[in-house]
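Heads up: the structure comes next, in structure tokens.
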Ligand SMILES: NC(=O)C1=CN([C@@H]2O[C@H](COP(=O)(O)OP(=O)(O)OC[C@H]3O[C@@H](n4cnc5c(N)ncnc54)[C@H](O)[C@@H]3O)[C@@H](O)[C@H]2O)C=CC1
Ligand SMILES: O=C(O)C1=N[C@H](C(=O)O)C[C@H](O)C1
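Numbering (UniProt numbering), first residue to last: 1 to 239.
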């Protein structure tokens with residue numbers, strides 16, 4: 001499979017190594033305006049976007065207009081997600097966005113939903129989310145923390161939203177911490193006067209995110225439409 005890497009930073013470089021080890025070829029590396037590159041020149045099967053929030057939408061939709069399916073892991077641009085979906089469908093292209101491509105985090109997501117469902121009637125507990133990332137991270141809260149909050153909100157009709165660094169009574173507070181060299185840690189805590197319940201996912205490196213993105217690209221390669229990591233993982237566990 002011929003891959004275009006949109007964003008050749010920390011993630012792009014690890015994705016390149018994993019993709020090559022799995023027999024794929026990186027034919028294009030983009031670290032600047034996508035319009036400076038001729039996408040039709042290389043025979044691109046899939047583009048993988050791990051760039052920066054302000055570039056993601058243009059990168060992704062330019063690929064769709066060239067009928068190139070896209071895996072996107074870039075966070076902090078989701079106000080334009082619905083518009084990106086539309087452009088994908090209009091151009092009969094393929095798209096998978098995930099706030100976190102790691103297999104472990106996707107298991108953690110399922111645990112989070114199950115726990116949120118169990119806790120929603122227990123009014124003595126209040127819930128909060130903490131995320132810790134490296135000092136270079138541009139967005140806060142992390143995309144993963146937002147996904148965790150949305151999953152809890154879907155299970156709990158009394159909670160109305162989330163807020164960064166504090167919240168009203170009917171909101172989930174998300175605390176974003178920045179520390180040197182932390183690849184990504186997410187904790188969900190339910191606290192009462194009697195006890196607390198915590199679930200935590202700690203990434204030890206970026207390998208899991210990168211492997212998940214390449215596996216997702218292998219899944220999306222010849223497909224059109226919008227898919228999620230749940231589709232990728234169901235397919236993986238079936239085969
Ligand atoms: N969904 C997931 O599993 C994960 C998502 N991420 C997200 O991926 C993104 C990238 O993360 P890192 O690789 O750590 O960041 P990074 O800063 O190391 O890499 C971003 C790269 O994008 C380049 N860039 C700047 N403008 C560009 C443009 N117009 N088009 C293409 N590339 C451009 C930069 O020069 C840089 O090389 C972030 O949004 C981060 O939150 C990171 C890890 C896992
Ligand atoms: O910027 C990062 O590094 C990461 N970003 C993603 C996020 O915002 O959730 C995923 C992972 O935690 C690493």
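We put the beta carbon where it would ideally sit given N, CA and C, even for glycine.
Please check if any C-beta of chain C sits within less than 9 angstroms of the C-beta of residue 154.
Considering every chain present, this structure includes no chain C. It has just one protein chain.
For residue 198 and residue 116, what's the separation of their Cα atoms in angstroms?
The sequence position of residue 198 within the chain shown is 198, counting from 1. The sequence position of residue 116 within the chain shown is 116, counting from 1. Rounded to whole angstroms, residue 198 to residue 116 spans 12 angstroms at the Cα level.
List the residues that DSSP assigns as beta-bridge partners of residue 227.
For this step, residue 227 is matched to residue 227 along the chain shown. Paired residue(s): 96.
On the three-state DSSP scale, how would you describe residue 214?
In the chain shown, residue 214 corresponds to position 214, counting from 1. Of the three classes helix, strand and coil, the one that applies to residue 214 here is helix, per DSSP.
Can the beta-carbon of residue 187 be found closer than 9 angstroms to that of residue 201?
The residue labelled residue 187 in the question sits at position 187 within the chain shown. The residue labelled residue 201 in the question sits at position 201 within the chain shown. It is a contact, given that the beta carbons lie within the stated cut-off.
Among all the DSSP beta bridges, which residues are the ones paired with residue 6?
As a working note, residue 6 is residue 6 in the chain shown. Looking at the DSSP assignment, residue 6 forms a beta bridge with 30, 49.
Assumed close pair residue 212, residue 103 - CB separation to whole angstroms, cut-off 8 angstroms:
The residue given as residue 212 occupies position 212 in the chain shown. The residue given as residue 103 occupies position 103 in the chain shown. Contact between residue 212 and residue 103 holds: their C-beta atoms lie close to 6 angstroms from each other, under 8 angstroms.
Three-way DSSP call (helix, strand, coil) for residue 191 in this model
Counted from its first residue, the chain shown places residue 191 at position 191. In this structure, residue 191 counts as strand in the three-state DSSP scheme.
Please report how far the alpha carbon of residue 91 lies from the alpha carbon of residue 6, in whole angstroms.
Here residue 91 is taken as the residue at index 91 of the chain shown, counted from 1. Here residue 6 is taken as the residue at index 6 of the chain shown, counted from 1. Rounded to the nearest angstrom, the two C-alpha atoms are 19 angstroms apart.
Look up residue 176 in the DSSP assignment and give the residues it is bridged to.
Within the chain shown, numbered from 1, the residue matching residue 176 stands at position 176. Beta-bridge pairing links residue 176 to 131.
Give the range of the alpha helix (DSSP H) segment to which residue 43 is assigned.
Within the chain shown, the letter at position 43 stands for residue 43. Note, residue 43: premise wrong, no alpha helix (DSSP H); not H, not E.
Coil, strand or helix - residue 15 by DSSP:
The residue given as residue 15 occupies position 15 in the chain shown. Of the three classes helix, strand and coil, the one that applies to residue 15 here is helix, per DSSP.
Three CB pairs or more closer than 8 angstroms across the stretch 71-81 and the stretch 136-143:
yes
Cut-off 6 angstroms between Cβ atoms - residues of its own chain near residue 226, not counting five sequence neighbours on either side
Taking the chain shown and counting its residues from 1, one reaches residue 226 at position 226. 85, 95, listed in sequence order.
Mind reading off the beta-carbon distance from residue 69 to residue 220? Whole number of angstroms is fine, and I expect it under 8 angstroms.
Looking up residue 69 in the chain shown gives position 69. Looking up residue 220 in the chain shown gives position 220. Their Cβ separation, rounded to whole angstroms, is 5 angstroms, which keeps residue 69 and residue 220 in contact under 8 angstroms.
Could you pull the start and end residues of the alpha helix (DSSP H) that residue 184 belongs to?
As a first step, residue 184 is located in the chain shown; it is residue number 184 there, counting from the start. Taken as a continuous stretch (DSSP letters only), residue 184 belongs to no alpha helix (DSSP H), as it is neither H nor E.
Any alpha helix (DSSP H) of 4 or more consecutive residues that is wholly inside the stretch 114-159
143-155
Give a yes or no on whether the C-beta atoms belonging to residue 185 and residue 210 are separated by under 9 angstroms.
In the chain shown, counting from the first residue as 1, residue 185 sits at position 185. In the chain shown, counting from the first residue as 1, residue 210 sits at position 210. No, they are not a contact pair.
Assigned secondary structure, residue 106 (DSSP; H/G/I helix, E/B strand, else coil)
Translated into positions along the chain shown, residue 106 becomes position 106. Of the three classes helix, strand and coil, the one that applies to residue 106 here is helix, per DSSP.
Assuming residue 170 and residue 159 form a contact by the criterion Cβ under 8 angstroms, report the distance between their Cβ atoms to the nearest whole angstrom.
Against the chain shown, residue 170 aligns to sequence position 170. Against the chain shown, residue 159 aligns to sequence position 159. With 8 angstroms as the limit, residue 170 and residue 159 qualify as a contact, their Cβ atoms being about 6 angstroms apart.
Going by the beta-carbon positions, is the gap between residue 1 and residue 217 smaller than 9 angstroms?
The residue given as residue 1 occupies position 1 in the chain shown. The residue given as residue 217 occupies position 217 in the chain shown. Residue 217 sits close to residue 1, with the two beta carbons spaced by under 9 angstroms.
Nearest to residue 127 by alpha carbon, out of 18, 167, 45?
The residue labelled residue 127 in the question sits at position 127 within the chain shown. Answer by Cα proximity: 167.
Residue 12 versus residue 190: straight-line alpha-carbon distance, rounded:
Taking the first residue of the chain shown as position 1, residue 12 is located at position 12. Taking the first residue of the chain shown as position 1, residue 190 is located at position 190. Cα to Cα, the separation comes out at about 36 angstroms.
So, for residue 172: in the same chain, excluding its five sequence neighbours on each side, which residues have a beta-carbon less than 8 angstroms away from its beta-carbon?
Counting from 1 along the chain shown, the entry for residue 172 is found at position 172. Same-chain partners within the cutoff: 127, 128, 129, 149, 152, 153, 159, 161, 162, 163.
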